[in-house]
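Residue numbers (the working numbering): 134 to 306. Where a beta carbon is used, it is the ideal one built from N, C-alpha and C, also for glycine. Below is one structure, written out as structure tokens, with a few remarks after it.
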Amino acid sequence: MLLLSLLLFFPDNTQAQRVALKTNLTDWMTASPNLSVEFAVSNRLTLDLSGTATPFRYKPDFYFRHIRLQPEFRYWLVSLLTKHYVGITAFYSTYDVGYKERGYFGDSYAAGLTYGYNWILSRRWNFELNAGVGAIRYRLARYRPGTAHPAPDDSGWIVAPVKLGISFVYVLK
């Protein structure tokens, strides 16, 4: 924890600070607007902070609403914001999903390991692929759409994907 604090509050100034803004196409495929910001904390370490939300109700009996916040520390193997990285991620999510006669309401949190690759497309644009797996703790309540949400009455742990990304990256100076 001390090392992490030192990296965050006393970054290595031998390299110019870099910041990137990103959007994840896999989230957009589920109609989930999203945005990430990634910034350097040392020559090889970045912190990525992402958020996504889906506030939509498509029909009275079909909806997918959620909010997810996901930080990730990334260690770049070759160069900052380019090529291979490995990371540690966590997330918190709350959700309300319903279709016809079934609805699920609850929240989850997770921690896991990630791997990614970042291609330079131009001076400011990159393309990134990433994936991660980890442990997810969930709490949920099953209910019939159109009725009140009950308190979560089911919970458990699962090993599952915690990150999947196809992202366009805009690098700021």
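- With contacts defined by Cβ atoms closer than 8 Å, N263 and G298 form a contacting pair.
- Collapsing the DSSP output to three states places T163 in coil.
- Contact between L180 and F206 holds: their C-beta atoms lie close to 6 Å from each other, under 8 Å.
- When secondary structure is reduced to three states using DSSP, L214 falls in the coil class, being assigned neither helix nor strand.
- Between T222 and V295, the beta carbon gap of about 6 Å places them in contact (Cβ cut-off 8 Å).
- H199 is the residue among H199, G184 and V219 whose C-alpha sits nearest the C-alpha of G231.
- For A293, the CB contacts under 6 Å within the same chain, skipping 5 residues up- and downstream, are I269 in chain order.
- Between the C-alpha atoms of E261 and G249 there is a straight-line separation of about 7 Å.
- Apart from sequence neighbours up to five positions away, the residues of its chain that approach A164 with a beta-carbon distance below 7 Å are T187 and F189, ordered along the chain.
- As a beta-bridge residue in DSSP terms, D287 pairs with L273.
- In terms of CA proximity to A243, Y271 leads the group D229, H217, Y271 and Y303.
- With a contact defined as Cβ atoms closer than 8 Å, G236 and R177 miss out at about 45 Å.
- DSSP places L158 in the helix class (H, G or I) of the three-state scheme.
- In this structure, K192 lies away from E171, with their beta-carbon atoms at least 8 Å apart.
- Take the alpha-carbon of D160 and the one of L214: they are about 21 Å apart.
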